[in-house]
Amino acid sequence: LNGILRGRGTIRIMGRHLGNDNLRHIRAQVGLVFEHPDDQLFSPTVLDDVAYGPLYMGLPRDEVLRRARWALEQVGMIGFEERMPHRLSLGQKKRVAIATVLSMHPPILALDEPTSSLAPTARRELIHLLRELPQTMIVSTHDIPMVRDLFSRTIVMDEGRVVADGDTQIVLSDTALLAAHGLEVF
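Take 6 as the starting number for the sequence shown in the numbering used here and just add one per residue.
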């Protein structure tokens, strides 16, 4: 996924083979939310950050603002438009980072460790937010309770290999499998 190892096989996203000829189209289908929101937020205001993607897509200014406000509403951050992102709490930053992606309307969200380092209340709020989103989600996480709570299908990977793929409740009930691959058993 990150280009360190030479790829083998094929990758299909929404039925399309991933290749140089359609990379731009594929990138528009998958919105990536980084583990550390400070790596994703760079503008002087929350609204500027959330509006950046639609603006870069070449959308008219009124549509950019409509999408940005809609995305902020989806993540419960209306009223924060003029705030400086670096002054927000970690939970608020993660919500804004998700809004930056939602504003581009991707059908797929890829989230890297979305609940890491969050206080319990912020973690619960983020899980509730994710539960309400209609997008397909690909989540890289060690937060087994969140996975159990949110997802019907789970794929466990270890050292680049799929070691389990199936119904979440079945996969996560295999405590020996989880322990063998360094995942905490709850």
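Heads up, the beta-carbon is just placed ideally off N, CA and C, and yes, glycines get one too.
Exclusion of the five residues before and after Q79 leaves L107 as the residues of its chain whose Cβ lies within less than 6 Å of its Cβ. Inclusion of A104 and V161 in the CB contact set at 8 Å is not warranted, their separation being larger than that value. Cβ-Cβ distances below 6 Å link Q45 to F39, A102 in the same chain, with the five nearest sequence neighbours on each side left out; the list follows chain order. Taken through DSSP and simplified to helix, strand or coil, L138 comes out as coil. The Cβ-Cβ distance between T141 and F156 does not fall below 8 Å. Along the segment 22 to 77, the beta strand (DSSP E) occurs as fully enclosed runs of 3 or more residues at 35 to 38, listed in sequence order. Between L77 and E87, the C-beta spacing is not below 8 Å. Straight through space, the alpha carbons of L37 and A184 are spaced by roughly 29 Å.
Counting along the chain, the unbroken beta strand (DSSP E) around L114 starts and ends at 113 to 117.
Taking C-beta separations shorter than 8 Å and ignoring five residues to either side along the sequence, the partners of G171 in its chain run R158, T159, following chain order. By the criterion of a C-beta distance shorter than 8 Å, I83 is surrounded in its chain by R74, L77, once the five residues flanking it on both sides are discounted.
The C-beta separation of P139 from Q34 comes to about 14 Å, leaving the pair out of contact by the 8 Å criterion.
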